[in-house]
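Peer 1: With the working numbering as the guide, the letters of the sequence shown map in order to residues 16 to 169. All C-beta atoms in this analysis are idealised placements derived from N, C-alpha and C, irrespective of residue type, glycine included. Computed from a predicted structure; not experimentally measured. Quick one: structure below, then a few questions.
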Amino acid sequence: MYIDRKGWDIPEISVNVNMFQTKQADKTTTFIDRDISFTKPIPAEQKDRLLEIATHCPISKILEGEIKVRSFVFHEEEVDKNIKYKNDDVTVVWNPELCKHSGRCVTQLPQVFNLKAHPWINVSGADAQTITEQVAKCPTGALSILNNKKEEAK
Ligand code: SF4
Numbered sequence: 016m017y018i019d020r021k022g023w024d025i026p027e028i029s030v031n032v033n034m035f036q037t038k039q040a041d042k043t044t045t046f047i048d049r050d051i052s053f054t055k056p057i058p059a060e061q062k063d064r065l066l067e068i069a070t071h072c073p074i075s076k077i078l079e080g081e082i083k084v085r086s087f088v089f090h091e092e093e094v095d096k097n098i099k100y101k102n103d104d105v106t107v108v109w110n111p112e113l114c115k116h117s118g119r120c121v122t123q124l125p126q127v128f129n130l131k132a133h134p135w136i137n138v139s140g141a142d143a144q145t146i147t148e149q150v151a152k153c154p155t156g157a158l159s160i161l162n163n164k165k166e167e168a169k
């Protein structure tokens, strides 16, 4: 797209990726080498610009940033139950089995969802509407919400 927009004559780009690891003491370093080549000669400034674009692509940013591998295991008694956090207006229901720890709730509404606090969900941290909207953003369905007034009226 960028090439078309600029009107550059670059009919084809070839990218070869080579991945290897080195070990020093306890540290493993992974290298991902990306070789970019062209089927016909192109000006150096165009190559430089394309290289700059390649280094800013979202995948490069992920790989060059800090990556943490996190593993979680749940005990049977936690998996089998939904855990409820309640105030006068709403009840937030959390299913640990479905929670993939994406952290979306924690980063977007930390006054309610805080992994360092106990309990980790504080339903007094925001109004019912704000909590309801955040619960709806949980990508895995681990969070759901009950309107207590409606539940009582049943
Ligand atoms: S947004 Fe949902 S899946 Fe992500 S940490 Fe919160 S409860 Fe878990």
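Could you give the uninterrupted runs of the beta strand (DSSP E) lying entirely in the stretch 99–123, keeping only those of 3 residues or more?
Peer 2: 105–109
Peer 1: Three Cβ pairs or more, each shorter than 8 Å: is that satisfied between the stretch 143–158 and the stretch 114–131?
Peer 2: yes
Peer 1: DSSP three-state label for N137, please.
Peer 2: N137: coil per DSSP, three-state reduction.
Peer 1: What does the Cβ neighbour count give for A157, buried or exposed, with the cut at 16 atoms within 10 Å?
Peer 2: buried
Peer 1: Does the ligand SF4 have even one heavy atom less than 7 Å from the beta-carbon of W109?
Peer 2: yes
Peer 1: Apply the 10 Å Cβ neighbour rule to L124 and answer buried if 16 or more other Cβ atoms are within range, or exposed otherwise.
Peer 2: buried
Peer 1: Quick one: what's Q61 bridged to in DSSP?
Peer 2: DSSP links Q61 through a beta bridge to no other residue.
Peer 1: Rounded to the nearest angstrom, what separates M16 and D48 at their Cα positions?
Peer 2: 24 Å
Peer 1: Quick check: the Cα distance between K42 and A141, rounded to an integer number of angstroms?
Peer 2: Each residue's alpha carbon lies about 44 Å from the other.
Peer 1: Is any heavy atom of the ligand SF4 found at a distance shorter than 7 Å from the C-beta of A157?
Peer 2: yes
Peer 1: How would you label I146, buried or exposed, when you count the other beta carbons within 10 angstroms and need 16 or more for buried?
Peer 2: buried
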